[in-house]
Amino acid sequence: MNESELDRYSRQLLLPNFDIQGQLNLAHARVLIIGLGGLGNIAATYLATSGVGTLILADGDQLESSNLPRQVLYDESQLGLDKVIAAAQQIAKKNAAVKVQTIAQKLSGEALLDAVSNADVVLDCTDNFTARQAINRACLSQKTPLISAAAIRWEGQLVSFLYDKESAPCYECLYPALSDQQLSCNESGIIAPIVGLLGVYQALEAIKLVSGCGTVRHGALKVFDGFEGHWREMRLTRDPECLACC
Numbered sequence: 001m002n003e004s005e006l007d008r009y010s011r012q013l014l015l016p017n018f019d020i021q022g023q024l025n026l027a028h029a030r031v032l033i034i035g036l037g038g039l040g041n042i043a044a045t046y047l048a049t050s051g052v053g054t055l056i057l058a059d060g061d062q063l064e065s066s067n068l069p070r071q072v073l074y075d076e077s078q079l080g081l082d083k084v085i086a087a088a089q090q091i092a093k094k095n096a097a098v099k100v101q102t103i104a105q106k107l108s109g110e111a112l113l114d115a116v117s118n119a120d121v122v123l124d125c126t127d128n129f130t131a132r133q134a135i136n137r138a139c140l141s142q143k144t145p146l147i148s149a150a151a152i153r154w155e156g157q158l159v160s161f162l163y164d165k166e167s168a169p170c171y172e173c174l175y176p177a178l179s180d181q182q183l184s185c186n187e188s189g190i191i192a193p194i195v196g197l198l199g200v201y202q203a204l205e206a207i208k209l210v211s212g213c214g215t216v217r218h219g220a221l222k223v224f225d226g227f228e229g230h231w232r233e234m235r236l237t238r239d240p241e242c243l244a245c246c
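Residue 21 in the UniProt record's numbering sits at position 21 of the sequence shown, and the numbers go up by one each step.
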């Protein structure tokens, strides 16, 4: 690390369980973020400013005015741009040392498998069940850790899966069948800080994982009630009838 980097990340380097090795591990990490909406834009911001070496950003949507209350990485001048391009522009302003790779499409099939296989961890920041199911199966097949979050109305949830664990649950053990309509904030609404909070937690889990400085617990489902302001946690178990992992 050079003098500029030592100064920039000095507050992180002060942490005894992080130190220089944790920062170096971050600098060599490749993080795939699928979905650059309310969750993904926040997660990408904190990962970039914390010093993750490479961010792979995947999203097929363009920035709309209705996105701006939740997607605070962007600004009004970027309306109409591909979200991945808008995100890359803003990240370059925040930390030019971060390498950003953009995929301006909804990942599926071989493209999804290829992207997952080239990442150290995947953040699922999508907003529909079909995509979440496909991402889960891709990560499961490649043994790539998955950090999944969702937010709707006043509620949010976070769960991490370390797919190198034997006899451990996967995302489909939790949600074997769910309609895209049930997961849509376009229909059900969302309060902006909820997605920000969950995006921050995704970034935190990713930083702990790729830096090697903290514990990420497989299959621990954290559920947040923003209206009441409290968390609860449940431990998932493997579904013996799961079509993905059994």
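Where is the CB? At the ideal position from N, CA and C, for every residue including glycine.
By Cβ distance, which residues of its chain are closer than 6 Å to G40, with the 5 residues on each side in sequence left out? Excluding sequence neighbours, G40 sits near I33, C125.
Between the stretch 188-203 and the stretch 135-143, do at least 3 Cβ pairs fall closer than 8 Å? no
Counting beta carbon pairs with one atom in the stretch 220-238 and one in the stretch 153-164, are three or more of them shorter than 8 Å? yes
Is it buried or exposed for A96, if we count other Cβ within 10 angstroms and need 16 for buried? exposed
Write down every uninterrupted run of the alpha helix (DSSP H) in the stretch 138-223 whose length is 4 residues or greater and which is fully enclosed by it, in chain order. 171-174, 185-188, 192-211
Sheet register partners of D82 (DSSP bridge): Q62
For I152 and I42, I'd like the C-alpha separation in whole angstroms. Their backbone Cα atoms lie some 16 Å apart in a straight line.
Would you kindly check if the distance between the Cβ of L47 and the Cβ of V72 is under 8 Å? no
Between which two residues does the beta strand (DSSP E) carrying R232 extend? Note, R232: beta strand (DSSP E), 230-235.
Where does D114 sit, in a helix, a strand or coil, going by DSSP? In this structure, D114 counts as helix in the three-state DSSP scheme.
Tell me the DSSP secondary structure of D124 in three-state form. strand
Under 8 Å by Cβ, that's how I've got R11 and I190 pegged, so tell me the actual separation to the nearest angstrom. About 32 Å separates the two Cβ atoms, so there is no contact after all.
Using the three-state DSSP reduction, which class does R132 fall into: helix, strand or coil? helix
Nonlocal neighbours in the same chain, by C-beta distance under 8 Å from S117, ignoring five residues either side: Closer than 8 Å at Cβ, skipping near neighbours: Q142, T144.
Taking C-alpha atoms, which residue in L236, T237, G35 lies nearest to S108? G35
Suppose you measure from the CA of L204 to the CA of A27; what does that come to, to the nearest Å? One Cα belongs to L204, the other to A27, and the distance between them is close to 15 Å.
The alpha helix (DSSP H) enclosing Q71, as first and last residue numbers: Unbroken run through Q71: none, as it is neither H nor E.
For I207, is the classification buried or exposed, using 16 other Cβ atoms within 10 angstroms of its Cβ as the cut-off for buried? buried
Supposed contact pair L236 and L174 - C-beta distance, whole angstroms, cut 8 Å: 6 Å
Which same chain residues, not among the five before or five after Y9, have their C-beta less than 7 Å away from its C-beta? Q23, G51
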